[in-house]
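Engineer: Here's a structure for you.
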Amino acid sequence: MWFAMLMGMKIAIPHWQEWVSPVFDVCGRLLVVEAEEGREIGRSDVVVTGHDPLDRVAQVKALGIDVLICGAISRTMEAALAAAGIRVWAEVCGPVEAVLAGFLARGRTAACHRMPGCRRRHRRHGHGCH
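Under the working numbering, the residues of the sequence shown are numbered 124 to 253, in order.
Printed below as a string of structure tokens:
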């Protein structure tokens, strides 16, 4: 994953009031960040237009997203995104800028940004926040 960042990638984070949106399936906006070598090179705020799961997946795919960092997500939506070639880092919470900074610095999300009670997926999320 970190190697892919050296070549450039697009990261999407659903957000609400500067925090990671609690549920991707019903989010209204995405922060889309272009990164190279662990640094942000561009960003945009995108309104999510689709309400149907397949429309949401199609929109994320059309944006060229490589990684989606989100809070809760339905298994159906997560599977559809994975089938579209989009890596999903789910069960993440916290301020968008802190989550993004941690991901850009380490290529993964920090343990302190896991949703409370979520230990099932992504056990290798990483280290605590510093």
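We put the CB at the ideal spot given by N, CA and C, even for glycine.
Taking contact to mean at least 3 C-beta pairs separated by less than 8 Å, is the stretch 165-174 in contact with the stretch 198-212?
Structural biologist: Between the stretch 165-174 and the stretch 198-212, the count of C-beta pairs closer than 8 Å stays below three; the two stretches do not touch.
Engineer: What did DSSP end up calling alanine 213 once you bin it into helix, strand or coil?
Structural biologist: Per DSSP, reduced to three states, the secondary structure at alanine 213 is coil, with no helix or strand assignment.
Engineer: What would DSSP say about leucine 186, mapped onto helix, strand or coil?
Structural biologist: If DSSP states are grouped into helix, strand and coil, leucine 186 belongs with coil.
Engineer: Are the CB atoms of isoleucine 134 and isoleucine 188 nearer to each other than 9 Å?
Structural biologist: Less than 9 Å separates the beta-carbon of isoleucine 134 from that of isoleucine 188.
Engineer: So, using beta-carbon positions, are leucine 154 and leucine 223 closer together than 9 Å?
Structural biologist: Pairing leucine 154 with leucine 223 gives a Cβ-Cβ distance under 9 Å.
Engineer: How far does the beta strand (DSSP E) with valine 155 in it reach, from first residue to last?
Structural biologist: 152-159
Engineer: How many Å lie between alanine 207 and aspartate 168 at the Cα?
Structural biologist: If I take the Cα positions, the gap works out to 22 Å.
Engineer: Check the DSSP bridge columns for leucine 191 and list the partner residues they point to.
Structural biologist: Ala135 and Val211
Engineer: Taking a contact to mean a Cβ-Cβ separation below 9 Å, would you say glycine 217 touches proline 137 in this structure?
Structural biologist: no
Engineer: Could you have a look at valine 171 and say whether DSSP puts it in helix, strand or coil?
Structural biologist: coil
Engineer: Specify the secondary structure class of histidine 253 as computed by DSSP and reduced to three states.
Structural biologist: Since pLDDT at histidine 253 reaches only 45, below the 50 mark, its modelled position is unreliable, and no value is offered.
Engineer: Going by Cα to Cα distance, which pick from Trp139, Gly151, Val149 and Ser144 is closest to glutamate 278?
Structural biologist: Within the shown structure, residues of the chain are numbered from 124 to 253, placing residue 278 beyond reach of any answer.
Engineer: Among Arg179, Glu157, Ala158 and Gly131, whose alpha-carbon lies nearest the alpha-carbon of glycine 151?
Structural biologist: Arg179
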